[in-house]
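Take the sequence shown: its position 134, counting from 1, is numbered 198 in this note's numbering, and each next residue is one higher.
Here a beta-carbon is modelled for each residue, glycine too, at the ideal position from N, C-alpha and C.
Computed from a prediction, not measured in an experiment: that's the story for all the values here.
Beneath this line is the structure, given in structure tokens, with notes to follow.
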Amino acid sequence: MVTFLRSLAAAALALACLAAPASRASGTLEVTFLSVGQGDAAFAVTPSGRTLLVDAGPPEASARVERFLRARLRGPIDVVVATHPHADHIGGLPAALAIAGARHFYDPVLEHPSPLLERVYRIVSARTRAGEMTAHRVRAGETAPLDLGDGARLTFLAPSEPLIEGSRSDVNANSIVFRLDYGEVSFLFEGDAEPATEARLLRRERGRLRAQVLKVAHHGSRYGSKAALLRAVRPEIAVVSCGLDNEYGHPHAAALRRLERAGARVFRTDLDGDVVVRTDGRSLRVSTGRR
Ligand SMILES: [Zn+2]
Ligand SMILES: [Zn+2]
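Laid out in structure tokens, this is it:
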């Protein structure tokens with residue numbers, strides 16, 4: 065399966081431009097960080113109506129993710145990004161893909177076999193064979209940025225070759241990290257980035273880390289969102305995706321302190337519910353399920 069995906073990933077280096085969607089432009093980019101318990105899931109609708117799903121939470125969140133998507137989708141998801149193959153990120157993907165499929169599937173293709181990942185790849189493989197989906201292996205510098213219409217653009221910053229080895233968790237350390245830009249506003253999605261990921265981002269991508277909205281690394285673990293990275297990002301809004309009273313103690317007090325010191329207003333899916341960030345490309349508006 066890995067070989068299969070690799071062969072499909074010979075993406076053109078030109079800017080990948082997705083087919084125009086049916087819906088009309090609204091001039092607003094809306095990103096919802098879903099409250100899915102201990103895990104990550106985010107859904108974005110671009111100004112031209114293109115849809116982006118970033119992870120889909122743990123398996124227990126499948127029904128929640130499914131309800132959310134059913135209320136919003138009128139066709140296949142345009143782009144699905146599976147940041148890395150841990151269950152708290154891809155657990156809800158089989159349910160999400162079953163609703164309406166996806167036109168493009170991006171994952172880092174890491175060696176991390178599990179029945180869950182096999183299940184996801186079986187769905188991707190079937191949809192690809194049917195000509196409904198294209199699968200892409202993400203490598204920063206090799207994978208073309210995505211034009212999401214009306215100036216919205218997604219650029220991959222990690223993982224990059226050679227993959228990180230010998231970290232606390234190489235699967236986390238080689239998470240997909242990307243930025244989503246619209247006008248003057250940028251979102252940085254860190255997946256479950258590790259210190260080694262952030263150090264490499266600072267070395268290789270320093271000029272492309274500035275973002276107003278940060279999806280905080282690894283559910284607010286003490287090992288992510290280090291001060292050096294935050295100095296480069298300078299987030300105004302930081303979103304921590306984690307479960308209430310989770311067994312890992314996420315988010316860690318030290319990570320929260322660093323985010324606050326960096327000047328970010330912190331939102332947490334465990335306390336705030338869904339966190340919705342809307343932008344017209346200049347200003348930001350945040351609303352939550354609880355405030
Ligand atoms: Zn995670
Ligand atoms: Zn992880």
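Residue interval of the beta strand (DSSP E) (run including residue 249): Here residue 249 refers to the residue found at position 185 of the sequence shown. First-last of the beta strand (DSSP E) with residue 249: 249-253.
Own chain residues within Cβ distance below 7 Å of residue 334, not counting five before or after: The residue given as residue 334 occupies position 270 in the sequence shown. Only 306, 307, 308 meet the Cβ criterion.
DSSP-derived helix/strand/coil call for residue 234: Counting from 1 along the sequence shown, the entry for residue 234 is found at position 170. Helix.
Proximity below 8 Å, CB of residue 150 to CB of residue 238: One-based indexing of the sequence shown puts residue 150 at position 86. One-based indexing of the sequence shown puts residue 238 at position 174. No, Cβ-Cβ distance for residue 150 and residue 238 is not below 8 Å.
Top-ranked residue by Cα proximity to residue 290, from 246, 318, 210: As a working mapping, residue 290 is identified with position 226 in the sequence shown. Nearest C-alpha to residue 290: 318.
Endpoints, beta strand (DSSP E) assigned at residue 185: Here residue 185 refers to the residue found at position 121 when the sequence shown is read from its first residue. Boundaries for residue 185: no beta strand (DSSP E) harbours it, while the alpha helix (DSSP H) harbouring it runs 179-193, taken from the DSSP string.
Beta-carbon gap between residue 129 and residue 174 smaller than 8 Å: Here residue 129 corresponds to residue number 65 of the sequence shown, with the count starting at 1. Here residue 174 corresponds to residue number 110 of the sequence shown, with the count starting at 1. Contact: no.
Whole-angstrom distance between residue 352 and residue 336, CA atom to CA atom: Counting from 1 along the sequence shown, the entry for residue 336 is found at position 272. Counting from 1 along the sequence shown, the entry for residue 352 is found at position 288. Here the alpha carbons of residue 352 and residue 336 stand approximately 6 Å from one another.
Residue 351 in three-state terms, based on DSSP: As a working note, residue 351 is residue 287 in the sequence shown. Strand, per DSSP.
Same chain, Cβ closer than 6 Å to residue 144, neighbours up to 5 away in sequence not counted: Residue mapping note: residue 144 aligns to position 80 of the sequence shown, counting from 1. Excluding sequence neighbours, residue 144 sits near 117, 166, 169.
Beta carbon of residue 121 nearer than 8 Å to that of residue 91: Counting from one through the sequence shown, the residue named residue 121 turns up at place 57. Counting from one through the sequence shown, the residue named residue 91 turns up at place 27. Going by C-beta atoms, residue 121 is not nearer than 8 Å to residue 91.
Buried or exposed by the 16-neighbour rule on C-beta atoms within 10 Å, applied to residue 255: Numbered from its first residue, the sequence shown carries residue 255 at position 191. By the 10 Å Cβ count, residue 255 comes out buried.
Closest residue to residue 161 among 196, 179, 178 (Cα-Cα distance): Counting from 1 along the sequence shown, the entry for residue 161 is found at position 97. Of 196, 179, 178, the residue nearest in Cα terms is 196.
Reduced DSSP category for residue 75 - H, G, I as helix; E, B as strand; rest coil: Here residue 75 corresponds to residue number 11 of the sequence shown, with the count starting at 1. With a pLDDT of 41 at residue 75, under the threshold of 50, the predicted position of this residue should be treated as unreliable, though the coordinate-derived value follows. Reduced to three states, the DSSP call for residue 75 is coil.
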